[in-house]
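Visitor: The numbering of the sequence shown is our numbering, which starts it at 399 and goes up by one.
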Amino acid sequence: MLKNQTGKPYPLGATLVEVNGTKGVNFSIFSASARAIELCLFDNSGREVRFPILDKTDDIFHIWVPNVPLGTKYGFRIHGDERHNPKKLMLDPYAKMVVGKPDLTSKENQAWYLLSDERDNGKIAPKSIIIDGEFDWEQDKPLNIPWTETIIYELHVKGFSKLRADLPEEIRGTYSALAHPSVIAYLKELGITAVELLPINFSISEPHLQERGISNYWGYNPMAMFAVEPQYAATEDPVHEFKTMVKTLHQAGIEVILDMVFNHSAESERDFPTFSYRGIDEQTYYWSDAQGNYLNWSGCGNLLHLAHPYMRRWAIDCLRYWVEEYHIDGFRFDLATNLGRETPAYKAHSELFKAMRLISGFKNTKFIAEPWDMGEDGYQMGNFPPFFAEWNDRFRDDINRFWLWQSGELGAFAERFAGSADIFKQEGKYPHNSVNFITAHDGFTLRDLVSYNHKHNNANGEDNRDGRNENYSHNHGIEGSTDGLDEPQKTAVENARILSSQSLLCSLLLSNGTPMLLAGDEFGNTQFGNNNGYCQDSGLTWLKWSNFNLDLFEIVKKLIIVRKGIQSLVNDKWWTEGNVRWFNEFGSLMNVSDWQERGAKALQVLLDEQWLCVVNAKTELQVFSLPEGDWNMEISMTGCKNQNNQLIVDNLSFCLLRRIL
399 MLKNQTGKPY PLGATLVEVN GTKGVNFSIF SASARAIELC LFDNSGREVR FPILDKTDDI
459 FHIWVPNVPL GTKYGFRIHG DERHNPKKLM LDPYAKMVVG KPDLTSKENQ AWYLLSDERD
519 NGKIAPKSII IDGEFDWEQD KPLNIPWTET IIYELHVKGF SKLRADLPEE IRGTYSALAH
579 PSVIAYLKEL GITAVELLPI NFSISEPHLQ ERGISNYWGY NPMAMFAVEP QYAATEDPVH
639 EFKTMVKTLH QAGIEVILDM VFNHSAESER DFPTFSYRGI DEQTYYWSDA QGNYLNWSGC
699 GNLLHLAHPY MRRWAIDCLR YWVEEYHIDG FRFDLATNLG RETPAYKAHS ELFKAMRLIS
759 GFKNTKFIAE PWDMGEDGYQ MGNFPPFFAE WNDRFRDDIN RFWLWQSGEL GAFAERFAGS
819 ADIFKQEGKY PHNSVNFITA HDGFTLRDLV SYNHKHNNAN GEDNRDGRNE NYSHNHGIEG
879 STDGLDEPQK TAVENARILS SQSLLCSLLL SNGTPMLLAG DEFGNTQFGN NNGYCQDSGL
939 TWLKWSNFNL DLFEIVKKLI IVRKGIQSLV NDKWWTEGNV RWFNEFGSLM NVSDWQERGA
999 KALQVLLDEQ WLCVVNAKTE LQVFSLPEGD WNMEISMTGC KNQNNQLIVD NLSFCLLRRI
1059 L
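Written out as structure tokens, the structure is:
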């Protein structure tokens, strides 16, 4: 065996490198606070071999080790002051695969991962794994679907397919399921262009959840951002399986967007279990105040210090890895305000944003911000760089209030429906910058939005204190299930809920901007009133395909088809009098008094002189006088009847007509 050599500081992490004809692995790790670092390799029997890393370049420790087999497990032991404990094995921040979920089900188990504990945890600590990532992409490339054609479908890998009876049982809830022909056919029939996956990075469940025997179902508690989460794999090779899924979706014309958590890590507060970052270089990884206390603006115990030059590199390297190695098409950033925090105040032109913009490989990558966090000036919607689209919660709230609370705010409805120009009409920004949604993983499903006045989160074990209180929902007369009602009452409530659902979906899919649909809303999926299912890995949150509402699905499918044919929705331009006109219920152009009349709750929107959106948000029938011309009902709604150039519209109904040319 050749002697270990110096190695190189870059790339960081573990990289297969051949030196003088000998294959080996270059290991590189950053720490500004460590005095010394040992590389620890583990064979299949668990035997540990340590290599002192003797070479250091600008706070990066590096070493090349020959003849390291693929699949070898490794970690690091960090020597230094009281902030380090070499008896605790640290995970590589650049780990490409990880094995070992820490058991934190008791205080005793948790103590094994405390830096203050003096026992050696090398045998039980999570470990990085050497991989090569070789894969036959067969000329696959990112699809680069224009924003104007993009329709996003947010889903949880496991929850989406776990209860699909048409899939082989052994692949339900996995990456393989998303690549199955029946799932591909379903997504294609629906008409979406991109799946946005809830976090698929290696994550763990928080100690308080493990103590209660439940888990973090959503996955927003990451431990290794470069590594694929293995629990969603049907095979022993999650990397290959995930890449196969991406390639198969690409072959079907569907992009893959990942939900990334660049705001906190699973290490939580300072005195909590430590697995990696804190034990390697706490002050580099986490924001802290002048007294050394962690800033907790994520609400999860810590806040990643992305203003630090090394952390900027770490974030950029991570994104590049997913784009280059996994052919990922885009990213949605959880609590994205942290990406722009520098002092740590938010800065719209932060160094991280500048660095992201300069990467040539990101030219066509989609970036989506959840534009808020819990810190000072945390709400930054509209203040992200133009290459970011942003989740528009103002759309969600104003549209839901308009339909379900009958707010009568016609101006608010029109502003959101037209693309939220009041927020996004800025230099370099377009309607696509607004990601419009009425529901998301965090909150009620659409079915629950029209079935519950209040959240019902008691199953989470937090006395119903958790979850959003401002749902702007309406149960249409009875909370939850209608099973106890007599048939006429049940029919009336169900019909009202369907009408409201259709109107909300029309408002979403016919609005200017980028629509995002929550998986399951297209067929009436319910979580029985739970609006915070983050810890419910069960039938409560898994999509209930057996309760499929075909009529609702057909409406969604038709709306997506029609949307793609409406010029004002696909040209990515702000609406003007040249392509949109607003009429009142009498067929006259809206004037100032019409906009201010909260009791009207009705209007008509004419797009491109061809498409007429007729909106009745009243709780009673409304007769509309249509603009001049002959009109056909484009989408058959149960609440709309066209006769003699007048449209009779049921309560809480949205109708779409097309001019006969």
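All C-beta atoms in this analysis are idealised placements derived from N, C-alpha and C, irrespective of residue type, glycine included.
(1) Compare the beta carbon distance of I612 and L502 with 9 Å and say whether it is the shorter of the two.
(2) Roughly how many angstroms separate the alpha carbons of L907 and E788, rounded to a whole number?
(3) Would you mind giving the Cβ-Cβ distance between S899 and L938, rounded to the nearest angstrom? I have them listed as a contact below 8 Å.
(4) Can you have a look at L950 and say buried or exposed, based on whether 16 or more other CB atoms are within 10 angstroms of its CB?
(5) Measure from the alpha carbon of N929 to the alpha carbon of each residue in E567, E860, N691, then state which is nearest.
(6) Determine the direct distance from the alpha carbon of E1026 to that of C1042, and round the result to whole angstroms.
(7) Near M399, which residues of its chain fall below 8 Å by C-beta distance, leaving aside the five closest residues on each side in sequence?
(8) I678 to L410, Cα distance in whole Å?
(9) Can you tell which of W695, L750, G922 has the C-alpha that lies nearest to the C-alpha of C716?
(10) Using a Cβ-Cβ cutoff of less than 6 Å, which residues in the same chain neighbour I543 once the five nearest sequence positions on both sides are dropped?
(11) Hey, how far is the Cα of D919 from the Cα of N945?
(12) Measuring CB atoms only, is the stretch 486 to 503 touching the stretch 408 to 426, in the sense that at least three cross pairs come out at less than 8 Å?
(13) Look up F558 in the DSSP assignment and say whether it is helix, strand or coil.
(14) Figure out for me which residue from G882, R961, N858, S663 has the closest Cα to the Cα of S936.
(15) Start and end of the alpha helix (DSSP H) containing A857?
(16) May I ask you to report which of helix, strand or coil DSSP gives L400?
(17) With H, G and I counted as helix, E and B as strand and the rest as coil, what does DSSP make of E749?
(18) Leaving out five residues on either side along the sequence, give the residues of the same chain with a beta carbon under 7 Å from the beta carbon of W940.
(19) According to DSSP, is D453 part of a helix, a strand, or is it coil?
(20) As a quick exercise: from F984, R475, L1005, pick the residue whose alpha carbon is nearest that of Q1020.
(21) By the three-class DSSP mapping on this structure, what secondary structure does A493 have?
(22) Cα separation between A890 and F815?
(23) Between Q1020 and the ligand HEM, is there a pair consisting of the residue's CB and a ligand heavy atom that are separated by less than 8 Å?
(24) On the three-state DSSP scale, how would you describe K641?
(25) For the candidate residues W972, A1015, N1049, W943, whose alpha-carbon lies nearest to that of V581?
(26) Should W535 be labelled buried (16 or more other beta-carbon atoms within 10 Å of its own) or exposed?
(27) Applying the 10 Å Cβ sphere with the 16-neighbour rule, what's the burial state of Q689?
(28) In three-state DSSP terms, what is R996?
(29) Tell me whether the beta-carbon of A713 lies closer than 9 Å to the beta-carbon of F660.
(30) Note the first and the last residue of the continuous beta strand (DSSP E) segment covering Q1044.
(31) Following the continuous alpha helix (DSSP H) through Q681, name the residue where it begins and the one where it ends.
(32) Which term fits V447, buried or exposed, when burial requires 16 or more other beta carbons within 10 angstroms of its beta carbon?
(33) CB-CB under 6 Å to F926, same chain, minus the five flanking residues each way: which ones, in chain order?
(34) For chain B, is any of its Cβ atoms less than 9 Å away from the one on R799?
Guide: If we stick to the structure as given:
(1) No, these two residues do not count as a Cβ contact at 9 Å.
(2) Pairing L907 with E788, the inter-Cα distance amounts to about 17 Å.
(3) Actually they are not in contact, since the Cβ atoms of S899 and L938 sit about 20 Å apart, beyond 8 Å.
(4) Taking a 10 Å sphere around the C-beta of L950, we find 16 or more other C-beta atoms and assign the residue as buried.
(5) Of the listed residues, the one whose Cα sits closest to N929 is E860.
(6) For the sequence presented, residue 1042 should be read as Asn rather than Cys. Going from the Cα of N1042 to the Cα of E1026 covers about 12 Å.
(7) In this predicted model, M399 has a pLDDT of only 42, less than 50, meaning its place in the structure is not dependable; the value taken from the coordinates is given anyway. Cβ neighbours of M399 beyond the five flanking positions: P464, N465.
(8) Cα to Cα, the separation comes out at about 14 Å.
(9) The residue among W695, L750, G922 with its C-alpha nearest the C-alpha of C716 is L750.
(10) In chain order, T591, E653 place their CB closer than 6 Å to the CB of I543, counting only its own chain and leaving out the 5 sequence neighbours on each side.
(11) In a straight line, the C-alpha of D919 is about 12 Å away from that of N945.
(12) With a cut-off of 8 Å, the stretch 408 to 426 and the stretch 486 to 503 count as touching, because enough Cβ pairs lie within range.
(13) In the structure shown, F558 sits in a helix (DSSP, three-state: H, G or I).
(14) That would be N858, whose Cα lies nearest to the Cα of S936.
(15) Per DSSP, A857 belongs to no alpha helix (DSSP H) and is neither H nor E.
(16) For L400, the predicted structure reports a pLDDT of 49, less than 50, and the residue's modelled location is therefore unreliable. The matter cannot be settled from this model.
(17) Reduced to three states, the DSSP call for E749 is helix.
(18) Only residues of its own chain outside the window of five on either side were considered, and among them G557, K560, L561 have a CB closer than 7 Å to the CB of W940, listed in chain order.
(19) In the three-state DSSP reduction, D453 falls in the strand class (E or B).
(20) Cα-wise, what sits closest to Q1020 is F984.
(21) Collapsing the DSSP output to three states places A493 in coil.
(22) If you take the alpha carbons of A890 and F815, they lie about 29 Å apart.
(23) Here there are no bound small molecules, and the ligand HEM is not part of this structure.
(24) Of the three classes helix, strand and coil, the one that applies to K641 here is helix, per DSSP.
(25) Here the closest residue by C-alpha is W943.
(26) Here W535 is exposed: its Cβ has fewer than 16 other Cβ atoms, across all protein chains shown, within 10 Å.
(27) Using a 10 angstroms sphere on the CB of Q689, the tally of other CB atoms stays under 16, which defines it as exposed.
(28) Residue state, collapsed to three classes: coil.
(29) Closer than 9 Å, so yes.
(30) 1044 to 1047 is the span of the beta strand (DSSP E), which, as asked, contains Q1044.
(31) Per DSSP, Q681 belongs to the alpha helix (DSSP H) from 675 to 683.
(32) By the neighbour-count rule (16 or more Cβ atoms within 10 Å), V447 is not buried but exposed.
(33) Excluding the 5 residues flanking it on each side, F926 has no same chain C-beta neighbour closer than 6 Å.
(34) The question asks about chain B, but that chain is absent: this structure has only one protein chain.
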